[in-house]
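Enquirer: First the structure, which I've put down as structure tokens, then a few questions once you've had a look.
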Amino acid sequence: MPSFSTPLSGLNAHSQALSVIANNLANLNTVGYKAARTLFREQFYQQIGSTGAGNPLQVGAGASMGSIPTSFIQGSIESSGVATDVAIQDDGFFMLDKNGLRQYTRAGNFSVDANGYLVAEDGSRVQGFPAVNGVVNPNATVGALPIASGQISPPNQTTTVQLVMNLDATQAVGSTFSTAVAVYDALGATHILNYNFTKTAANAWSYNITIPAADVGQSGNPVQVATGSLAFSGSGVLTSPAANVSNIAVSGLANGASNLNFTWQLYNSANQPMVTQVAGPSATSTTRQNGYSAGTLVSFSINNTGTIQGVFSNGQTVALGQIALATFPNVQGLIRAGQNTYLTSLGSGVPNVGQPGTGGRGSVTGGALELSNVDIAKEFAQLILAQRGYQANARAITTFDEVTQEAINLKR
7 MPSFSTPLSG LNAHSQALSV IANNLANLNT VGYKAARTLF REQFYQQIGS
57 TGAGNPLQVG AGASMGSIPT SFIQGSIESS GVATDVAIQD DGFFMLDKNG
107 LRQYTRAGNF SVDANGYLVA EDGSRVQGFP AVNGVVNPNA TVGALPIASG
157 QISPPNQTTT VQLVMNLDAT QAVGSTFSTA VAVYDALGAT HILNYNFTKT
207 AANAWSYNIT IPAADVGQSG NPVQVATGSL AFSGSGVLTS PAANVSNIAV
257 SGLANGASNL NFTWQLYNSA NQPMVTQVAG PSATSTTRQN GYSAGTLVSF
307 SINNTGTIQG VFSNGQTVAL GQIALATFPN VQGLIRAGQN TYLTSLGSGV
357 PNVGQPGTGG RGSVTGGALE LSNVDIAKEF AQLILAQRGY QANARAITTF
407 DEVTQEAINL KR
């Protein structure tokens, strides 16, 4: 008598294959989805004898699902224009923490929650290396990444001032020229310094730097904070001072800030003077200084190393943190957990966590998403094959039933 279990095993295997294919098609537009495929295997064989040559006579018991491997080939990356969206190029997974449960995903459609943390769709927090004072330590323990809109960039006191300028060589002795530069104290308050120049002789000028009297708790005329002289060669090149003017101090600031102490950089990094004296209008083309006021976070972006760059209202761009990526010795050992996430298993091995672009980990693209890697044409072809396999096994069951009925009729 034929065994119904053989075609039934085929029905079951092809039914499971149809389910896998249907799931792939259902997730055709799921962000970061990785297609699965079914691989069948033979079931055990019963040896019913052997030939005269000693070759075994074996009857198979059907087929079963051998494995359902996941295709981790790269999905297409599509720009979204959303700052919190991130796509992985090449190997790696984003790390998520959901109430202490570590999960992994390729879906980078993140957002910022009410507490100011970068989170996935289900609220689990994206893991990475939070910055401390704008510095990311990749050797630190991974944690949640805060991107709260109320973050403050602390003020920075001015320590250097540069003036790219010319003093008119044709001016008569006693002629004057003034230029102003804004500097910042340790509290982030602005102070306007006036650089006042007076021609004292051919190729010679004096300078006098002043600050408004009210800024230092006084009244009346501006208060002098530094004075000196400049000398030029016959070709208009600064010859004295031969070095930058350092230790220009402003003490007794009325707002209680620490004393200002800065250097007037007369020479650039190539040791070329930034103050000249040639025939032409006295003018300042550029003023630079390295201080700034406090600022609040106004926007951010994510670069290809996963670093979250915050842009603050004071014009500063500061690292807020860096997204971490994890790779695995065996990605086929990962367990699908739904919600576009995976869990580790003994088969997957221990995750190797680090910065994007290092240790075999891929890079990331901010403002973009990795699309599903499902190939619709391939899935439809597999769908037809699975359907025909199911139909063939169903026909085999029908045939077995007819044969069984014939055997029963032998008794009549």
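Per my numbering, the sequence shown starts with residue 7, numbered consecutively. All C-beta atoms, glycine included, are put in the ideal place defined by N, C-alpha and C.
1) CA-CA distance, Met7 and Thr410?
2) Under three-state DSSP, which class holds Tyr39?
3) When DSSP labels each residue in this structure, what does Ala137 get in the three-state scheme?
4) Just how far apart, CA to CA, sit Ile217 and Thr371?
5) Going by the beta-carbon positions, is the gap between Arg43 and Ile74 smaller than 9 Å?
6) Using 8 Å as the threshold, is the stretch 49-58 in touch with the stretch 119-134, meaning 3 or more CB pairs across them?
7) Around the Cβ of Ser25, are there at least 16 other Cβ atoms within 10 angstroms (buried) or fewer (exposed)?
8) Short of 7 Å in beta carbon distance, which residues of its chain neighbour Pro287, apart from the five on each side in sequence? Order them along the chain.
9) Can you list, in chain order, the residues of its chain whose CB lies under 6 Å from that of Gln157, leaving out five sequence neighbours each side?
10) Can you name the start and end residues of the alpha helix (DSSP H) that Ile403 belongs to?
11) Of the choices Val189, Val251, Val132 and Gly114, whose alpha-carbon is the least far from that of Tyr39?
12) Enumerate, from N- to C-terminal direction, the unbroken beta strand (DSSP E) stretches of 3 or more residues contained entirely within the stretch 260-314.
13) Relative to the C-alpha of Tyr348, which candidate in Met101, Val92, Gly180 and Asp91 has its C-alpha closest?
14) Look at Gly262 and Ser85 and say whether their C-beta atoms are less than 9 Å apart.
15) Out of Ala260, Asn227, Thr111 and Trp211, which has the shortest C-alpha to C-alpha gap to Pro247?
16) Can you tell which of Val222, Pro357 and Thr313 has its C-alpha closest to the C-alpha of Val141?
17) Tell me the DSSP secondary structure of Ser15 in three-state form.
18) Gln295 and Thr164 - do their beta-carbons sit closer together than 9 Å?
19) Mind reading off the beta-carbon distance from Gln168 to Gln271? Whole number of angstroms is fine, and I expect it under 8 Å.
20) Tell me the rounded alpha-carbon separation between Gln430 and Asn29.
21) Am I right that Asn209 and Ala237 are in contact with their C-beta atoms under 8 Å? What's the rounded C-beta distance?
22) Which complete alpha helix (DSSP H) runs does the stretch 189-213 hold, if anything under 4 residues is left out?
23) Between Gly360 and Leu331, which are expected to be in contact by the criterion C-beta below 8 Å, what is the C-beta distance as a whole number of angstroms?
24) Three Cβ pairs or more, each shorter than 8 Å: is that satisfied between the stretch 12-23 and the stretch 385-405?
25) On the three-state DSSP scale, how would you describe Gly148?
26) When DSSP labels each residue in this structure, what does Asn30 get in the three-state scheme?
27) Leaving aside the five residues before and after Pro62 along the sequence, list all residues of the same chain whose C-beta is less than 6 Å from its C-beta, in chain order.
28) Using CA atoms only, rank isn't needed, just tell me which of Asp103, Gly297, Tyr110 and Tyr51 is closest to Leu193.
29) Would you mind working out which of Ala207, Asn310 and Phe318 sits nearest Ala178, comparing C-alpha positions?
30) Put Val356 into one of helix, strand or coil per three-state DSSP.
31) Return the CA-CA distance between Ala6 and Ser299, expressed in angstroms with no decimal places.
32) Counting along the chain, where does the beta strand (DSSP E) carrying Arg342 start and finish?
33) With hydrogens ignored, establish whether the beta-carbon of Phe99 is closer than 8 Å to any heavy atom of the ligand NAP.
34) I need the straight-line Cα distance from Asn202 to Pro228, nearest angstrom please.
Expert: Quick answer:
1) Within the sequence shown, the letter at position 1 stands for residue 7. Within the sequence shown, the letter at position 404 stands for residue 410. Residue confidence is low: Met7 scores 47 on pLDDT, short of 50, so the model does not pin down where it sits. Its coordinate-derived value is still stated next. For Met7 and Thr410, the distance between alpha carbons rounds to 7 Å.
2) Stepping through the sequence shown from its first residue, residue 39 is reached at position 33. Tyr39: coil per DSSP, three-state reduction.
3) Here the question's residue 137 lines up with position 131 in the sequence shown. Residue state, collapsed to three classes: coil.
4) Within the sequence shown, residue 217 is the residue found at index 211, counting from 1. Within the sequence shown, residue 371 is the residue found at index 365, counting from 1. Looking at the two C-alpha atoms, the distance is approximately 48 Å.
5) One-based indexing of the sequence shown puts residue 43 at position 37. One-based indexing of the sequence shown puts residue 74 at position 68. It is a contact, given that the beta carbons lie within the stated cut-off.
6) Two segments are said to touch when three or more pairs of C-beta atoms, one from each, lie closer than 8 Å; by this definition the stretch 49-58 does not touch the stretch 119-134.
7) As a first step, residue 25 is located in the sequence shown; it is residue number 19 there, counting from the start. Exposed, by the Cβ-count rule.
8) Translated into positions along the sequence shown, residue 287 becomes position 281. Once the five neighbours on either side are set aside, the close Cβ partners of Pro287 are Asp174.
9) As a first step, residue 157 must be located in the sequence shown, where it is residue number 151. Excluding positions up to five away in sequence, the list reads Leu303.
10) As a working note, residue 403 is residue 397 in the sequence shown. Counting along the chain, the alpha helix (DSSP H) containing Ile403 begins and ends at Ile382 to Asn415.
11) Taking the first residue of the sequence shown as 1, we reach residue 39 at position 33. The candidate whose alpha carbon is nearest that of Tyr39 is Gly114.
12) Complete beta strand (DSSP E) runs here, min 3: 266-271, 289-295 and 301-308.
13) For this step, residue 348 is matched to residue 342 along the sequence shown. The residue with the shortest Cα to Cα distance from Tyr348 is Met101.
14) Position 256 of the sequence shown, counted from the start, is the residue given in the question as residue 262. Position 79 of the sequence shown, counted from the start, is the residue given in the question as residue 85. For Gly262 and Ser85, no; Cβs fall outside 9 Å.
15) Your numbering for residue 247 matches position 241 in the sequence shown. Answer by Cα proximity: Trp211.
16) Numbered from 1 along the sequence shown, position 135 holds the residue referred to as residue 141. When each option's Cα is compared against that of Val141, the closest is Thr313.
17) Here residue 15 corresponds to residue number 9 of the sequence shown, with the count starting at 1. DSSP places Ser15 in helix when its eight states are reduced to three.
18) As a working mapping, residue 164 is identified with position 158 in the sequence shown. As a working mapping, residue 295 is identified with position 289 in the sequence shown. Closer than 9 Å, so yes.
19) The residue you call residue 168 lines up with position 162 of the sequence shown. The residue you call residue 271 lines up with position 265 of the sequence shown. At roughly 5 Å, the Cβ-Cβ gap stays under 8 Å, so Gln168 and Gln271 are in contact.
20) The first residue shown for the chain is 7 and the last is 418, placing residue 430 beyond what the model contains.
21) Numbered from 1 along the sequence shown, position 203 holds the residue referred to as residue 209. Numbered from 1 along the sequence shown, position 231 holds the residue referred to as residue 237. Asn209 to Ala237, Cβ: 6 Å. Contact.
22) Qualifying alpha helix (DSSP H) stretches: none in this window.
23) For this step, residue 360 is matched to residue 354 along the sequence shown. For this step, residue 331 is matched to residue 325 along the sequence shown. About 7 Å; that satisfies the 8 Å criterion.
24) yes
25) As a first step, residue 148 must be located in the sequence shown, where it is residue number 142. Sequence inspection shows Val at residue 148; the Gly mentioned does not correspond to that position. It is coil, neither helix nor strand.
26) Within the sequence shown, numbered from 1, the residue matching residue 30 stands at position 24. Note: Asn30 maps to helix in three-state DSSP.
27) Taking the first residue of the sequence shown as 1, we reach residue 62 at position 56. Around Pro62: Gln53 and Ser56.
28) Here residue 193 refers to the residue found at position 187 when the sequence shown is read from its first residue. Among Asp103, Gly297, Tyr110 and Tyr51, the Cα nearest to that of Leu193 belongs to Gly297.
29) Here residue 178 is taken as the residue at index 172 of the sequence shown, counted from 1. Answer by Cα proximity: Ala207.
30) Translated into the one-based positions of the sequence shown, residue 356 becomes position 350. Val356 falls in the coil class under three-state DSSP.
31) There is simply no residue 6 to check, as the chain begins at 7 and stops at 418 in what is shown.
32) Residue numbering aside, residue 342 sits at position 336 when the sequence shown is read from its first letter. Residues Ile341 to Gly344.
33) With respect to the ligand NAP, the structure shown offers nothing to examine, as it has no ligands at all.
34) As a position in the sequence shown, residue 202 is number 196, starting the count at 1. As a position in the sequence shown, residue 228 is number 222, starting the count at 1. Taking the straight line joining both Cα atoms gives about 11 Å.
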